[in-house]
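A quick write-up on the structure given underneath.
Residue numbers (our numbering), protein chains in the order written: chain Z, 713 to 1317; chain A, 27 to 260.
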């Protein structure tokens, strides 16, 4: 009778599994436990986490740790992942030609075109000309309404632009209904005497005239050539609730492509690709380069800095230098980031194109042997490094009920997505791919314009609801949930994340539908794409159809929707794919630790 | 500085002289007060006799009891008993008519409507706001004390839990009152409400404690629980 422990050190969690081997080769699993990994994976500080996990597992069967006969550690995959974002376009408004924004309460509805006139100069107005009046916030709503009412009988005032948030207040006091836009921050930049067109849409709809080049041409009387020039203005106003377009001689909206630097991929052949070419182009270049040796980024770009950062990070961990550390894979994803428009009058933002890149650095091996030695000294139990992570994970995954050989696993962690195929004859093929949970968090953060990465992580992890009253909330699938006691008023009207035990509110004002869309989209972009890429790499003849089973393991397999997404995506290839259930009881966790125990028995017989 | 004995003596003499003068001054005042009241200046303490209130009781004769509203867009603003009658500006001197106008404007800008009532049953701002909320068609109410303290409340909450509380009246500005109206209206609409940024000053309490207490007493004196909540459109 021997007590054996399997230990798996992962990027974020350390898992252990304890089993008993009888003299006749019989085998029984006794208990398992998991703890946060202490320190970077593969370094000596890991020992602390391993010890406490072992203690917890042994406590569960009421035996001291010293009763263990053998501790088997995995040969952790020597990869570290990191992510970076590069914005590649910027929108510039010249000569204050446009205001398009979504003030919460514009007033009136409709379209108007006329000459811009300051409220101070109403007396200069001539009858017979249409005017759009603008007023600074030092005029109160009463004053503004009074002055306008005085001039409305003689002047043709057809629209109003306000600096203060008082559109409804002014409208309620006007003798004529006109479209009014408010909250225009930099109103002093509005040029008096120029022609302008203004539009306010009804609640729940968006503008139609000013988001259409011919609409602008109609209102401002433009020629065909001028109409061509205003097309970017129309495009950038799509989806807004209200807008102003001012006709200035050189006014325009331009979309600049920012120089974002180059990536050099050294593989079978060396390929250079510009980041501003977009994710599709980068991924194609990656595929055309063949077997990747190393990837370099242009210095002083976000991506270049990220590449050198993870290389030096790995050098510190593995205590090796220079050529031994290589970036072997990247995953590029197209995304959009809200960026403040330069030259804007109302603080508008525009969704700019950006590319998110995850990279993975690989070294020969991590100093696992040192961890084993330290563990042996501290616990007085024999510790050995045994087995490659992916192989052990496949063995562990095989304990999931309903699986058979050949079996593929997808290990989805924080920094990398790993795949392995275990063939009937025992051969194993493995791959490590960049891009996993952390890239998803980054995409969510940039696309929603969130201030903190923590919020993005939480959005990724938990389902949502909107607190509609103090006694009920609407869940993201449309169902209602009622409460006996009132919900804390701080949550009122907010989108909240339903983490176990408490609600977390999202400070940013983003509709739940939008968050849901971004979250699902980010997960699909990263995980579905990476799963296909990884499985293709390990499948025999790179043919996905030759893989009958895929078992999902690792932290991201515990996600509430990623496994379903993959099941759906892989169903196309007639692959049985689902979340693993190690030993029929552990869920997707503990695969490697279980595999370590199984391999011990295998090596004895 | 070197303190010589001589200097100390000079200072002591001056201080004692000053004290003596003060004593004389006080006695003179007491004497004058006593003469006016037709008494001999025997007691030396001013009398509060006959003075039981700080302000005369306001008559709400002919006032109309406020009814429960049914308009789902309505917010009821409940003002204190002394509001615009005994007290006309907040603790920091903002005219109460401007306060009310700004709260109303904030509500109007968000497309909701407001109704003002005077709360004569209580001067506790939490209860004032809760009772206003219960009268309100939307279930949202705002309570404003005459000294300027404000609470936004919802009809189903406990009195001491509320939607938003603005406890430091001396630090409020008209802009804050505008935003209070705006936020209250957003609660009605079920929108995400961002709490109003407000300044905090730990010395405010010490500076305004006496004034706040006096204003509160004036308000409490004017309570008339028999009449409850009355329509108030000044």
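The beta carbon of each residue, even a glycine, is placed where N, CA and C say it ideally should be.
This structure is a prediction, so every number in the text was calculated from the model and none was measured.
Query	Result
DSSP has residue 843 of chain Z in a bridge; who is on the other side?	Z:827, Z:869
Taking buried to mean at least 16 other C-beta atoms within 10 Å of its own C-beta, is residue 753 of chain Z buried or exposed?	buried
Taking Cβ positions only, does residue 239 of chain A come closer than 8 angstroms to chain Z?	no
Which residue or residues does DSSP assign as beta-bridge partners of residue 1314 of chain Z?	DSSP output for residue 1314 of chain Z lists no bridge partner at all.
Whose C-alpha, out of Z:740, Z:866, Z:1124, is nearest the C-alpha of residue 836 of chain Z?	Z:866
Could you tell me if residue 1133 of chain Z is buried or exposed, where buried requires 16 or more neighbouring beta carbons within 10 angstroms of its beta carbon?	buried
Counting only beta-carbon atoms, is residue 262 of chain A nearer than 8 angstroms to chain Z?	Residue 262 of chain A is absent from the model: chain A starts at 27 and stops at 260.
Give the interface partners of residue 44 of chain A over in chain Z, defined as CB-CB distance under 7 angstroms, in chain order.	Simply none; closest approach about 52 angstroms.
Can you look up residue 70 of chain A in the DSSP assignment and give me helix, strand or coil?	Caution applies to residue 70 of chain A, whose pLDDT of 47 falls short of 50 and renders its modelled position unreliable; the value that the coordinates give is listed next. Residue 70 of chain A: coil per DSSP, three-state reduction.
Am I right that residue 208 of chain A and residue 135 of chain A are in contact with their C-beta atoms under 8 angstroms? What's the rounded C-beta distance?	6 angstroms
Using three-state DSSP, classify residue 1021 of chain Z as helix, strand or coil.	helix
Nearest to residue 828 of chain Z by alpha carbon, out of Z:738, Z:847, Z:986?	Z:847
If you draw a straight line from the alpha carbon of residue 190 of chain A to that of residue 1165 of chain Z, how long is it in whole angstroms?	28 angstroms
So residue 189 of chain A contacts chain Z; which residues on that side make the cut at Cβ distance below 8 angstroms?	1201, 1204
What is the DSSP secondary structure of residue 121 of chain A, reduced to helix, strand or coil?	strand
Taking C-alpha atoms, which residue in Z:1275, Z:1260, Z:1009 lies nearest to residue 1267 of chain Z?	Z:1275
Cβ of residue 1022 of chain Z within 8 angstroms of Cβ of residue 1071 of chain Z?	yes
Less than 8 angstroms between CB atoms is the rule here; does residue 232 of chain A satisfy it with respect to chain Z?	no
Pull up the distance between the alpha-carbon of residue 1008 of chain Z and that of residue 1231 of chain Z, whole angstroms please.	30 angstroms
With respect to the alpha helix (DSSP H) encompassing residue 1157 of chain Z, which residues constitute its N-terminal and C-terminal limits?	1149-1160
Quick one: any contact between the stretch 928-938 of chain Z and the stretch 768-775 of chain Z, if contact means 3 or more CB pairs under 8 angstroms?	no
Do three or more CB pairs link the stretch 1195-1204 of chain Z to the stretch 1179-1187 of chain Z at distances below 8 angstroms?	yes
Taking 8 angstroms as the cut-off, decide whether the C-beta atoms of residue 1124 of chain Z and residue 1264 of chain Z are in contact.	yes
Helix, strand or coil for residue 1194 of chain Z, going by three-state DSSP, please let me know.	strand
Expressed to the nearest angstrom, what Euclidean distance is found between the alpha-carbon atoms of residue 261 of chain A and residue 202 of chain A?	This structure leaves residue 261 of chain A out entirely; chain A is present only between 27 and 260.
Can you list the residues of chain A that residue 880 of chain Z reaches, using a CB-CB cut of under 8 angstroms?	134, 135, 136, 137
Apart from the five residues on each side of it in sequence, which residues of its chain come closer than 6 angstroms, Cβ to Cβ, to residue 1228 of chain Z?	1188
Express the C-alpha separation of residue 121 of chain A and residue 330 of chain A in angstroms, rounding to a whole number.	One cannot answer for residue 330 of chain A here, as it falls past the ends of chain A, which runs 27 to 260.
Measuring alpha carbon to alpha carbon, tell me which of Z:927, Z:1029, Z:1067 ends up nearest residue 970 of chain Z.	Z:1067
Is DSSP giving residue 849 of chain Z helix, strand or coil here?	coil
Establish whether the CB of residue 884 of chain Z and some CB of chain A are separated by less than 8 angstroms.	yes
Applying the criterion that 16 or more other CB atoms from any shown protein chain within 10 Å of the CB defines a buried residue, is residue 1106 of chain Z buried or exposed?	buried
Any idea what DSSP makes of residue 994 of chain Z, helix, strand or coil?	helix
Under 8 angstroms between C-beta atoms, does residue 846 of chain Z make it to chain A?	no
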